[in-house]
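Enquirer: Same order as they appear, the protein sequences are chains G and F.
Count along the first sequence starting at 1, add 2, and that's the number in our numbering.
Count along the second sequence starting at 1, add 9, and that's the number in our numbering.
A virtual CB, placed ideally from N, CA and C, is assigned to each residue, including glycine.
Quick one: the structure is below, and I'll ask about it shortly.
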Amino acid sequence: MDANTMIDSLSTQFPDAVYDTKVGSNIRIFAKVKPESVKDVCTYLKKNLSFGHLCCEFGVDYPGRNEIEVVYVIGSYEHSVILTLKAILPRDNPEIESVVDVYWNANWYERETYELFGVKYLNHPDLKPLVLPEDMLGEWPLRKDYKGFPNKTARNLV
Amino acid sequence: MDEKVGPSEMIVHLGPQHPMMPGPFRLNAKLRGETVVDSEVEMGWIHKGIEKILENKTYLQGITIVDRICYLAALTNEEAYVGCVEKLADIEVPPRAQYIRVIMEEFSRIQSHLLGMGEYASFVGFVSMFMYTIRDREDVMTLMDSVTGARVTHSFLRFGGVKDDLPEGFKDDVQRVFVNLRKAIDSYEELFSSDEIYRSRTVGIGVLTAEVAKDIGVSGPPLRATGVAFDIRRDEPYLVYPDLDFKVCVQKAGDVYARVQVRLDEMRESMYIIEQCLDQIPKGPLFPEGTAYGRRTPVMRVPAGEVFHRVEDPRGEMGFYMVSDGSDKPYRVKIRGPVYPTLQTLPPLLKGVKIADIVAIAGSMDTCTSEVDR
């Protein structure tokens, strides 16, 4: 199955949820997905198109458009096509369904996106900070308007 | 992991500083008697915020930063980062530079495996093996030093090429080192396979099945030890790998012994690749001709776009996702390290093993915490 058939199969299965599909090359395909149906799409991808390998999942902040994109890069152990799936969330209240039930290793990626961007994952088994200390929760350091922490640097302590 | 401790149970914290670990992470193991009931990995002691730092550096400055993700795989990290920019800006790398990159990246694989394997042998009590591998690794490091000018953080790759050409007489030096290294690897293999104590600590211990490994997203030697022939160099070739002959080293067992065996075989394959490269390497420029790219690339603006580029790291699949907005700094860089999923195999793998095997299993993954935390 080549990249074109995959993207056709995806858009016929989810005519409402998947939009802006694009074939970049014979190993790179792109699609956008409505946030509420991301779990169904991922289940279909894994079951029917053998996209069983979640390469990574992360956020990108766009303060100008007031949006946060959650990007899923999904590959496979069977074929070398990589799908970049994007869900666009409002920046004030980013919430999206967790895909941990589908991709086991999404757990840490989602915890990291939560602590760095403030994206809340619904039905995540254990949503707590991964790399940051607990008291930095709420500062969302990888958002573009993060100003650093001038009050916590050594210069202010001495 | 459930924090509640039942009767005759206790929680043991291994780490953040522990001899089995190359970097700081904490393994909380819940024990009943000597058996691990449940475990959990805690991260964050060495979080450097490299993804945020890269957003505030120009593309050229970023090369030195990505070196620091994991010093053992500095060259492959650079390859993934530089490859992203080359795809975005549509830069063609001349063949000679591609060959030099392959040579250096395979050297970096050899030295990483030598350190990882030797360290691992010392975790299970085979301390003299560590001394052997470190001695042989020193020859490889000297060769790398003679080309890049640095031992660990090389900053060797540039957009469109490499910093320096191979020095005079490099091929002879390589051949001299490889004669010794081949003998050394054979003797390691013989020591590993003949040592009864080592075998009883590793054969059949920590068996990772292919289904679980695929589910967790593992790549690299831990995955290939389970029988899955997944290698980015073959499945999604970059540089001149399509022109080179090499095989993907696979083992069936999936246990600790198989993981070490895959690393031994891969070192032999890497040496074979380097020899082919040195025979085939064409003469020519190191940077695309007629462009501004060179050793000191001027401040460059990269066309807007998004790209995901992945390479085969010594530990597995290293991928960079780069978003460019057309300025001289990347808008967002996501680093997908191979150890990030590999480390998550520990809780399922450790369920039901004896506490003495924790070190044998966790060490065999060749984890690099610096890369997981970034």
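Helix, strand or coil: which one does DSSP assign to Lys223(F)?
Expert: Lys223(F): helix per DSSP, three-state reduction.
Enquirer: Mind checking Glu38(G): buried by the 16 CB within 10 Å criterion, or exposed?
Expert: When all chains shown are included, Glu38(G) counts as exposed.
Enquirer: Consider the Cβ of Met52(F): report whether some Cβ of chain G lies at a distance smaller than 8 Å.
Expert: Yes, Met52(F) counts as interfacial toward chain G.
Enquirer: By how many angstroms is the C-alpha of Leu190(F) removed from the C-alpha of Val111(F)?
Expert: Cα-Cα distance, rounded: 19 Å.
Enquirer: Quick one: using the 10 Å Cβ neighbour count with 16 as the cut-off for buried, is Gly134(F) buried or exposed?
Expert: Exposed is the call here.
Enquirer: Could you pull out every unbroken beta strand (DSSP E) segment of at least 3 residues lying fully inside the region 37 to 94 of chain F, listed in chain order?
Expert: You should have 44 to 51.
Enquirer: Out of Ser48(F), Arg77(F), Gly53(F) and Val50(F), which has the shortest C-alpha to C-alpha gap to Ile62(F)?
Expert: Closest by alpha carbon: Arg77(F).
Enquirer: Write down the C-beta distance between Val50(F) and Lys360(F) rounded to the nearest angstrom, noting that I regard them as a contact closer than 8 Å.
Expert: That belief does not hold up - the Cβ atoms of Val50(F) and Lys360(F) are roughly 13 Å apart, past 8 Å.
Enquirer: Can you have a look at Ala82(F) and say buried or exposed, based on whether 16 or more other CB atoms are within 10 angstroms of its CB?
Expert: Ala82(F) is buried by the Cβ-count criterion.
Enquirer: So, with DSSP's three-state summary, where would you put Arg383(F)?
Expert: Correct three-state label for Arg383(F): coil.
Enquirer: DSSP puts Lys343(F) in a beta bridge; with which residues?
Expert: In DSSP, Lys343(F) forms a bridge with Tyr330(F).
Enquirer: Below 7 Å CB to CB, which residues in the same chain sit around Ile241(F) once its five sequence neighbours on both sides are set aside?
Expert: Same-chain partners within the cutoff: Arg319, Val320, Glu321 and Glu326.
Enquirer: Would you give the residue range spanned by the beta strand (DSSP E) that Gly32(F) belongs to?
Expert: Per DSSP, Gly32(F) belongs to no beta strand (DSSP E) and is neither H nor E.
Enquirer: Please check if any C-beta of chain G sits within less than 8 Å of the C-beta of Tyr250(F).
Expert: No, Tyr250(F) does not count as interfacial toward chain G.
Enquirer: Let me see if you follow: with CB-CB separation under 8 Å, is Glu12(F) close to chain G or not?
Expert: No, its Cβ sits nowhere closer than 8 Å to a Cβ of chain G.
Enquirer: At which residue ranges does the region 236 to 276 of chain F contain complete alpha helix (DSSP H) runs of 4 or more residues, listed in the order of the chain?
Expert: If we require 4 residues or more, the alpha helix (DSSP H) runs fully inside the region 236 to 276 of chain F come out as 241 to 244.
Enquirer: Would the region 38 to 50 of chain G and the region 61 to 70 of chain G be scored as touching if the rule is three or more Cβ pairs under 8 Å?
Expert: No, because fewer than three Cβ pairs between the region 38 to 50 of chain G and the region 61 to 70 of chain G fall closer than 8 Å, the two stretches do not touch.
Enquirer: Return the residues of the region 167 to 180 of chain F that lie within a Cβ-Cβ distance of less than 7 Å from chain G, sorted by chain order.
Expert: Residues passing the 7 Å Cβ filter: none.
Enquirer: With DSSP as the reference, please indicate the residues paired to Val43(G) in a beta bridge.
Expert: Its beta-bridge partners do not exist; DSSP assigns none.
Enquirer: Starting from the Cα of Lys88(G), find the closest Cα among Asn6(G), Ile31(G) and Ser27(G) and give me that residue.
Expert: Considering only alpha carbons, the answer is Ile31(G).
Enquirer: Using 8 Å as the limit for Cβ to Cβ distance, is Glu245(F) near chain G?
Expert: Yes, because at least one Cβ of chain G sits closer than 8 Å to the Cβ of Glu245(F).
Enquirer: Under 6 Å Cβ to Cβ from His56(F), same chain only, skipping five residues before and after it: list those, please.
Expert: Excluding sequence neighbours, His56(F) sits near Asp382.
Enquirer: Listed in chain order, which residues of the region 299 to 327 of chain F have Cβ atoms closer than 8 Å to some Cβ of chain G?
Expert: Listed by position along the chain: Glu315, Phe317, Arg319 and Glu326.
Enquirer: Using the C-alpha atoms, what's the distance from Gly53(F) back to Asp128(G)?
Expert: The alpha-carbon atoms of Asp128(G) and Gly53(F) are separated by roughly 17 Å.
Enquirer: Between Leu84(F) and Val171(F), how many whole angstroms is the CB-CB distance? I'm expecting something under 8 Å.
Expert: About 10 Å; that fails the 8 Å criterion.
Enquirer: Measure the alpha-carbon distance for Ala38(F) versus Gly215(F) and round it to whole angstroms.
Expert: Computed Cα separation, rounded: 16 Å.
Enquirer: So what does DSSP say about Lys180(F), is it helix, strand or coil?
Expert: Helix.
Enquirer: Determine the chain G residues that contact Pro347(F) at a beta-carbon separation under 9 Å, and present them in chain order.
Expert: Going along chain G, no residue has its Cβ under 9 Å from Pro347(F), so there is no contact; the nearest lies around 10 Å.
Enquirer: Just mark Tyr247(F) as buried or exposed, buried being the case when its beta carbon has 16 or more other beta carbons within 10 Å.
Expert: Under this definition Tyr247(F) is a buried residue.
Enquirer: Does the region 272 to 287 of chain F come close enough to the region 122 to 140 of chain F that 3 or more CB-CB pairs lie under 8 Å?
Expert: Enough Cβ pairs lie closer than 8 Å, so yes.
Enquirer: Using a Cβ-Cβ cutoff of 7 Å, what residues of the region 215 to 227 of chain F are near chain G? List them in chain order.
Expert: Correct list: Lys223, Asp224, Ile225 and Gly226.
Enquirer: Is the Cβ-Cβ distance between Met138(F) and Leu200(F) less than 8 Å?
Expert: It is a contact, given that the beta carbons lie within the stated cut-off.
Enquirer: Measure the alpha-carbon distance for Gly150(G) versus Glu60(F) and round it to whole angstroms.
Expert: Their Cα atoms are separated by approximately 14 Å.
Enquirer: Where Asp103(G) and Glu136(G) are concerned, what is the direct C-alpha to C-alpha distance, given to the nearest angstrom?
Expert: If I take the Cα positions, the gap works out to 25 Å.
Enquirer: Tell me whether Gln70(F) is buried or exposed, calling it buried when 16 or more other Cβ atoms sit within 10 Å of its Cβ.
Expert: Gln70(F) should be labelled exposed.
Enquirer: May I ask you to report which of helix, strand or coil DSSP gives Ala234(F)?
Expert: Reduced to three states, the DSSP call for Ala234(F) is coil.
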